[in-house]
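Step one of this worksheet: look at the structure below.
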Amino acid sequence: MYAMDKIMPLDLLSSIKGAGSSGAVNELFEVIKRAVPDKKGDNAPEEKGEHEADPQMAPAKDADMDHAVFVESLREDTIVRCGDMEKELIKKNFPKQKNGFLVVQKVMED
Amino acid sequence: MESEIRNIQQDLQSGRITCAGLVGGKLRELEDSPHNTANFLLTETAMEKAEEVDRKMKAGGEPGLLEGIPFGLKDVYLLQGSPASASSDFLKGYISPYTATAIQKLIDAGAIPLVKENCDSFGHGSSNENTVFGPVRNALDRELVPGGSSGGSAVNVARGYTVFSIGADTGGSIRQPAGYNRVYGLKPTYGRISRYGLMAYASSTDCVGPISRSLEDIRILLNIMSGKDGRDQTTIASASIPWEIFKEKFPANGLRIGYYRSFLEDENLDPRIREDFMALVDILGQNGIRVKALDFFDTELLVSTYYVIAMAETASNLARLDGTGYGERMEAGTLKEGYALTRSTNFTEETKRRIVGGNQVLSRGHSEEIYQKAGILRDQITGSFNREFREVDLIISPVSPVTPPKIGSTMDQPLEMYLSDAYTVGFSLGGLPTLTSPAGTETGIQITAHKNQEPTILKFAKYLTEIV
């Protein structure tokens, strides 16, 4: 078992045998490492409300809030039962069945 | 404005053609096609539905907006009772237990699903070669790639095998194949169409979108699929786009358009595409449009920022695929070995590369240095868009730096493949609506507006058909 303070190798982290880092992907990462985020200049992230006085920016201002979900808009915390066909298909997709039971993989040993 | 959907419906209503004849003909074309666009043909259900439509039409029933229109869907969408493989060995035998919201809306309007379309596995690719069903072939030249990852969808539309297809776009996967096959492909504003029932690649940029030969059909399909959905809480409310937008005289005078200097100065850009693009800029200027070069991030930084975020998200999203509840399961001595064997055997090399890359940037040490920094850069990119759209109404750009490469020529060069997304990924990071129009250059142009400004994009695309 790997303790939290130990470095977990990529193959174990990804559950992919023999996995290692890729040269092509590392090149992309190097670009990010070298980049210097511009916190104050032209490319600085906009402060919230920065463009409130500019009516032309109304769509953008609204857009900033588009993906925020207000508490009152949250989906009700209820159980939605799926239909019989959906249940049947979920069972059909289960990788292994025996004597009417869905067979799970080995149990977690550690 | 020409609409293929309306033309077919008129033919069905007048009795000039039958729906069974139409659907049967398209299924035969797909089956005989040398372009390898179909992972699964939905022959039985499609023919049943077509016969139902014929009976309804004969009885004088009121047709739905898409009544009897056969369409294709990328094989990453769930459609109850049909296979959904994501072009992977992992899910080759998987049957969708429910139907994606966007697809259900099309079916409710009368459309008939015809084919689950070949694509890059889990959306991971820009050439449609990363698929266990074999590469898709370009609609115009079978030796060339069709683009990806929605390559099968774009080719089906371009060849007329489907009236329209529904692709999915995370970093350009609708827009690039639309350009490579010269059809329209729209990535709407992020959240405009529900992602429920779309297999997740990178959830913060994944978008559902239509591919069509007709601009009017893009409008119709966008209206039908849009809307808030309780099953995807990132969805946004949006207004329906009226057909009259194409009737209005487009206000060319006073329209402000920008293009990115860094894209045009990109050393990887094909000189023919550069020349054609700049010729288009001249034409726009001659028509009274103010066109302005804008400063933007260099393409290498855009691609790197996008791939860091996309890989991190795909590593998380695909962690659920371990053979426990569905998909292929390989048995091994221990549970962990079983997971590892299952995942090693059933993911493609490109998918594994992205999962490993994602876990790399999410791990301690790398997270601060790479993943979190990419998040800051993404905010900067978004901030830059906000500022630019105070100065311009639209941004136009090439779709891709290169024309479609030969099949097999870039598969072993992943970096080259990633860089081919240079002009599409920035708009994905910003969540902006972008349309590929098959105009201007050999691979078309992208037309981008600020969030929720799809009507301006569509009007300008129509205007382009008049002046180019």
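Read top to bottom, the protein sequences are chains X and S. Just so we're aligned, residue 15 is where the first sequence starts under the working numbering, counting upward by one. Just so we're aligned, residue 4 is where the second sequence starts under the working numbering, counting upward by one. Yeah, the Cβ is synthetic: ideal placement off N, Cα and C, and Gly gets one too.
Nearest-angstrom Cα separation, counted from residue j out to residue i
i	j	result
X/G34	S/G443	42 Å
S/I98	S/V148	29 Å
S/I196	S/T46	27 Å
S/N362	S/Y466	46 Å
X/D68	S/R222	Only weak support is given to the placement of X/D68: the predicted model assigns it a pLDDT of 35, under 50, and the value that follows is read from those uncertain coordinates. Computed Cα separation, rounded: 30 Å.
S/G341	S/E334	5 Å
S/A161	S/V186	6 Å
S/S229	S/D298	33 Å
S/F253	S/R259	13 Å
S/T308	S/L380	7 Å
S/K409	S/R145	9 Å
S/E445	S/A157	15 Å
X/S87	S/A240	13 Å
S/S217	S/D78	23 Å
S/T165	S/L117	8 Å
S/F388	X/V83	23 Å
S/L30	S/L44	7 Å
X/K62	S/E331	The predicted position of X/K62 is uncertain, since its pLDDT is 46 and thus under 50; no value can be drawn from it.
S/A322	S/Q12	44 Å
S/S215	S/G368	45 Å
S/D382	S/V284	29 Å
S/E371	X/E44	13 Å
S/A142	X/G32	38 Å
S/I20	S/P100	34 Å
Distance CB(residue i)-CB(residue j) smaller than 8 Å
i	j	result
S/P180	S/G212	no
S/M50	S/A23	yes
S/F136	S/S206	no
S/G200	S/I115	no
S/T337	X/K120	yes
S/K119	S/P66	no
S/V364	S/M420	no
S/A424	S/G128	Ala is not the amino acid found at residue 424 of chain S; the sequence shown has Asp there. Result no, Cβ atoms of S/D424 and S/G128 do not sit closer than 8 Å.
S/A255	S/I286	no
S/F266	S/P401	yes
The alpha helix (DSSP H) enclosing residue i, as first and last residue numbers
i	result
X/C96	Taken as a continuous stretch (DSSP letters only), X/C96 belongs to no alpha helix (DSSP H), as it is neither H nor E.
S/L30	C22 to D35
S/D57	T46 to K61
S/P274	P274 to Q289
S/Y183	R178 to N184
S/S387	Q375 to E394
S/L224	L218 to M228
X/E44	G37 to R48
S/D355	Reading off the sequence, residue 355 of chain S comes out as Lys, not Asp. Residues E352 to L365.
S/L461	E457 to I470
S/L125	The identity of residue 125 of chain S in the sequence shown is Phe, whereas the question assumes Leu. Looking at the DSSP string, S/F125 is not in any alpha helix (DSSP H), and its letter there is neither H nor E.
Counted within 10 angstroms of its Cβ, other Cβ atoms place residue i as buried (16 or more) or exposed
i	result
S/D111	exposed
S/E469	exposed
S/S243	exposed
X/M18	Bear in mind that a pLDDT of 46 at X/M18, under 50, signals an unreliable position, so the number given afterwards is only what the model happens to contain. With fewer than 16 Cβ atoms within 10 Å of its Cβ, X/M18 is classed as exposed.
S/I72	buried
S/E219	buried
S/M281	exposed
S/I373	buried
X/L116	exposed
X/G97	exposed
S/E316	buried
S/D415	exposed
X/P23	exposed
S/R178	buried
S/D123	buried
S/D325	buried
S/P37	exposed
S/Q289	exposed
S/E34	exposed
Boundaries of the beta strand (DSSP E) in which residue i is found, first to last residue
i	result
S/I169	F167 to D172
S/A296	R293 to L297
S/Q449	I448 to T451
S/I398	L397 to P401
S/K231	S/K231 -> no beta strand (DSSP E), and no H or E assigned at all.
S/Y310	That residue, S/Y310, is in no beta strand (DSSP E); its alpha helix (DSSP H) goes T302 to N320.
Residues of the region 355-373 of chain S whose Cβ lies closer than 9 Å to any Cβ of chain X, in chain order | K355, R356, R357, I358, V359, G360, G361, N362, Q363, V364, L365, S366, R367, G368, H369, E372 and I373
Report the residues of the region 323-344 of chain S with a CB closer than 9 Å to any CB of chain X, ordered along the chain.
-> D325, G326, T327, G328, Y329, G330, E331, R332, E334, A335, G336, T337, L338, K339, E340, G341, Y342, A343 and L344
Please list the residues of the region 399-420 of chain S that have a C-beta atom closer than 9 Å to any C-beta atom in chain X, keeping them in chain order.
-> Q416, P417, L418, E419 and M420
Chain S contacts from the region 27-46 of chain X (Cβ-Cβ distance under 9 Å) | L27, S28, S29, I30, K31, G32, A33, G34, S35, S36, G37, A38, V39, N40, E41, L42, F43, E44, V45 and I46
When Cβ atoms are compared, which residues of the region 103-114 of chain X fall closer than 9 Å to chain S?
-> L103, I104, K106, N107, F108, P109 and K110
Determine which residues of the region 102-126 of chain S have a Cβ less than 9 Å from any Cβ of chain X, and write them out in chain order.
-> none
Which of the residues in the region 237-265 of chain S, read from start to end, lie with their CB under 7 Å from any CB of chain X?
-> T237 and I239
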